[in-house]
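Student:
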Amino acid sequence: MAVSNTSSSLSAILQKTSLDDHEEILNATNKAIKASKSDLEAQHVKVVALIKLDRFDEAVKFIEEAGDALKKRAELEYAYALYKSGRLGEAVELASKLKDRGARHIEAQTRYRLEDPLRTLDLYKGLRSKNLGPEDLDLLVNQSAVNAQAQWLGVTRPDITRRAERDDLATFETAYNAACGSIARGEFEPAQFLLKRAEELCKQSDELTDQQKAEELVPIRAQQLYVLLCLGKTAEAEDLAAGVKPEDAFDMSTRRIIENNLFLTSPSSNPFVAYRAFHSNTTIPVHDKLFSFQSVPLQSNEFSLDLQTFKFHAVTSATSRTLQQASSTPLSANVLLASFFNAAAHARNGTGKQAIKSILPQLEKRPNDIGLLLTLVQLYVQTGNITSPVELVESFFKRLEESMLETEQDIRFNPILVNLLIGLYKKRGQTGHVKSELAKAAVFWRRRPDPPTSLLTAAGISLLESQTEDDVTAAADIFSKLREQLPNDKATIAGYVASHSAEGESQLAADVEKLTSTSELTRNIDIDALESSGIPQSSNALAIAQLGQSRKRAAPSDGNVKPKRVRKSRLPKDYDENKKPDPERWLPMKDRSYYRAPKGKKKGKRAGDDRTQGGVVNEDLNVESKPSVAPAATGSGAGKKKKGKGKK
């Protein structure tokens, strides 16, 4: 009976209370719960009031203390409160079990925060499958934000938009998201245009109040500031920074990013002053944490200032903790960053061969540290040594190939590392090794459900260049798989047509029609100019020709030409060009036919005739018939017997 009275009194209070007066509703529910702690309706209303007042931590605590009955009744509110409290893993687990449409929204938002763009896109596609009028615009905005996030994370899929479309220019939210996607791809000029468009649409919006417009312009101008800095337009960046106020941001994460961009606009030459200014910025709460592609640059700035202020021990301690916890994600951005700064701290800001000498012992301790490996490769290349990094990467790959773990096989054929080794091979001119590495990577990724399309495309092109039957067959398999994933990609279609050219033109007609015609490709080519310019030289031949020209001395500009010095003749004084040279001039004098020994005391003998070395032996001497006489042995003093000196 008491419960019924309490519920009726609560209903009466709610009828008299404005729906926007959530504080009064909360007070009424507290009184109702105080009268009856088991009033489930009052508990549910209190949870909604706490959520409306943005007191999410209190809502989660109240639901968990109330028991399973309230959790069952307020499942959707519980999932939303968990999401807003920063407990994303629990929120997505609960929301994924619910069948409600609102639960799909919560799951999509939570997965977006967890940086799972592929699943988030699938959720938004499902929500947009029904024509829902005004809600569809909100879903379109959210979907464009997920597209931008996917490009920041490097996730590829055919349905992920890679370029700004006409629909993206309709609202300031979609224009802003398209600009973020351009920034992720490094296309800063288009990003600048899109951000300008977003700013104009936001200012002209009739649906926003002046306060809301000011809040929405803050992140737009923060991105404009970053784009101007990347384009090197420092003067424009400084002018824009004068009108940007971080306190106008509606969340702490946006305020932190604005403060960082303002910090980069006017850097201090004193690293200690910069260190103090950087660490005096806003602290981000747990429930409003940055994305990884936002936190990594901020962490990089912090470590850079630590190194500039000689805090080497602090950097090694912080990065070592990250590396110890990163065994499952060795290729994530924060782990690679930690490895790089850990190596820089051990090198104590050194460069070149001295830095290599300091870092190599760390690689012996952590042979599977990919970030450390990449750092050493970069240092070796900077010193002009290409052989050592190739040996490092090859030995690392060999260890991974010998492993039976599937995760290590994924690392072995990761597109980043494969591209690294291919780049080193190209630097050394080892085209055969490039083809072999691409073929291995293609064999591995063809068995996987979501292979990297860029890597498979490069492998297919490399196999087509060899023109052997086995390689062309392998290329045909690769481009067939790519065609299933990217049916409208012209590069994929061109590779498919080239690899299946033996099947006949009739079977490829539909694919050939999708390609740009030859006449269109050659429309702007001047054939006469090409013919008159001749055959172009290769880059090597041109470089050799230019080097030969640079070695030649230029002709003197004035007419004061010095006469050439005539070399002194080395011919004999009595040289007669009409006289025939002596044909025996190359023989020693005593061996010439006209040689005569000088007259002396011993007539009839030529000098040297009494010596046989190198001359003719005199047979009359009969040297071999004479017996050889052994020389008499002459004993030393030890073989003689001394006479005794006795008396006679």
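The opening residue of the sequence shown carries number 1 in full-length UniProt numbering; numbering runs sequentially from there.
Every residue gets a Cβ at the ideal spot worked out from N, C-alpha and C, and that includes glycine.
Using a Cβ-Cβ cutoff of less than 7 Å, which residues in the same chain neighbour Asn349 once the five nearest sequence positions on both sides are dropped?
Tutor: Leu307, listed in sequence order.
Student: If distances are taken between C-alpha atoms only, which option among Phe293, Leu290, Gln294 and Glu302 comes closest to Ser280?
Tutor: It is Glu302.
Student: Use the C-beta contact count for Ser462: other C-beta atoms within 10 angstroms, 16 or more gives buried, fewer gives exposed.
Tutor: That one is buried.
Student: If you drop the 5 nearest sequence neighbours on each side, which residues of the same chain put their C-beta closer than 8 Å to that of Asp167?
Tutor: Within the same chain, Asp167 has close Cβ partners Leu140 and Thr174.
Student: Taking 7 Å as the limit between beta carbons, can you name the residues of its chain near Ala103, skipping five residues before and five after?
Tutor: Contacts found: Leu76, Ala79 and Ala95.
Student: Is Ile386 near Lys427, with beta carbons less than 8 Å apart?
Tutor: In contact: Ile386 and Lys427 (Cβ atoms closer than 8 Å).
Student: Does Ser182 pass the burial test, meaning 16 or more other C-beta atoms within 10 Å, or should it be called exposed?
Tutor: Burial call: buried.
Student: Candidates His44, Glu215 and Phe193: which alpha carbon is nearest Lys203's?
Tutor: Here the closest residue by C-alpha is Glu215.
Student: Could you tell me whether the Cβ atoms of Ala475 and Ser501 are closer together than 8 Å?
Tutor: No, Cβ-Cβ distance for Ala475 and Ser501 is not below 8 Å.
Student: Under 8 Å Cβ to Cβ from Leu208, same chain only, skipping five residues before and after it: list those, please.
Tutor: So the qualifying residues of the chain are Cys202 and Glu216.
Student: Return the CA-CA distance between Val497 and Leu482, expressed in angstroms with no decimal places.
Tutor: Their Cα atoms are separated by approximately 12 Å.
Student: Please report how far the alpha carbon of Glu187 lies from the alpha carbon of Tyr226, in whole angstroms.
Tutor: About 12 Å.
Student: Under 8 Å, Cβ to Cβ, is there at least one residue of chain E near Ser268?
Tutor: The question asks about chain E, but that chain is absent: this structure has only one protein chain.
Student: Decide if Asn488 is buried, meaning its Cβ has at least 16 other Cβ atoms within 10 Å, or exposed.
Tutor: Looking at its Cβ environment, which holds fewer than 16 other Cβ atoms inside 10 Å, Asn488 is exposed.
Student: Quick one, which of Leu137, Leu121 and Leu169 has its alpha-carbon nearest Gln149's?
Tutor: Looking at the Cα atoms, Leu121 is the closest of the given residues.
Student: Would you kindly work out how many angstroms separate the C-alpha atoms of Leu486 and Leu464, rounded to a whole number?
Tutor: Approximately 19 Å, taken between the alpha carbons.
Student: Looking at Ala494 and residue 711, is the spacing between their C-beta atoms short of 8 Å?
Tutor: Only positions 1 to 648 of the chain appear in this structure, which leaves residue 711 out of reach.
Student: Please state whether the Cβ-Cβ distance between Leu70 and Leu98 is less than 8 Å.
Tutor: Taking 8 Å as the Cβ cut-off, Leu70 and Leu98 do not qualify as a contacting pair.
Student: DSSP three-state call for Phe310: helix, strand or coil?
Tutor: Three-state result, Phe310: coil.
Student: Reducing DSSP to helix, strand and coil, say where Gly371 ends up.
Tutor: It is helical.
Student: Identify which residue in Ala326, Leu336, Tyr380 and Arg256 has its Cα closest to the Cα of Ile356.
Tutor: The residue with the shortest Cα to Cα distance from Ile356 is Tyr380.
Student: Does Phe250 pass the burial test, meaning 16 or more other C-beta atoms within 10 Å, or should it be called exposed?
Tutor: When all chains shown are included, Phe250 counts as exposed.
Student: Among Arg119, Ser36 and Gly154, whose alpha-carbon lies nearest the alpha-carbon of Ser454?
Tutor: Minimum Cα distance to Ser454 is reached at Gly154.
Student: For the segment 330–346 against the segment 391–404, do three or more pairs of beta-carbon atoms, one drawn from each stretch, fall closer than 8 Å, so that the two count as touching?
Tutor: Cβ pair count under 8 Å is below three, so no.
Student: Quick check on the DSSP output: the alpha helix (DSSP H) that includes Pro389 runs from which residue to which?
Tutor: That run of the alpha helix (DSSP H) goes Thr387 to Glu402.
Student: Determine the DSSP secondary structure at Gly89, reduced to helix, strand or coil.
Tutor: Helix at Gly89.
Student: Between the segment 328–338 and the segment 366–381, are three or more C-beta pairs nearer than 8 Å?
Tutor: With a cut-off of 8 Å, the segment 366–381 and the segment 328–338 count as touching, because enough Cβ pairs lie within range.
Student: In chain order, which alpha helix (DSSP H) runs of at least 4 residues are fully inside the segment 87–123?
Tutor: Counting whole runs of 4 or more residues, the segment 87–123 contains the alpha helix (DSSP H) stretches 88–97 and 101–113.
Student: The alpha helix (DSSP H) with Val286 in it runs from where to where?
Tutor: Run containing Val286: none; DSSP gives neither H nor E here.
Student: DSSP state of Tyr595, grouped into three classes?
Tutor: In this structure, Tyr595 counts as coil in the three-state DSSP scheme.
Student: Looking at residue 656: is its Cβ nearer than 8 Å to the Cβ of Leu240?
Tutor: As shown, the chain starts at 1 and ends at 648. That puts residue 656 outside it, with no answer to give.
Student: Determine the DSSP secondary structure at Ile527, reduced to helix, strand or coil.
Tutor: Of the three classes helix, strand and coil, the one that applies to Ile527 here is helix, per DSSP.
Student: For Phe397, which option in Thr383, Ile416 and Gly384 has the closest C-alpha, if you only look at C-alpha atoms?
Tutor: Of Thr383, Ile416 and Gly384, the residue nearest in Cα terms is Ile416.
Student: On the CB-based measure, 16 or more other CB atoms within 10 Å of its CB, does Asp54 come out buried or exposed?
Tutor: By the neighbour-count rule (16 or more Cβ atoms within 10 Å), Asp54 is not buried but exposed.
Student: Closer than 8 Å by C-beta to Glu236: which residues in its own chain qualify, once you throw out the five before and the five after it? Chain order, please.
Tutor: Leu228.
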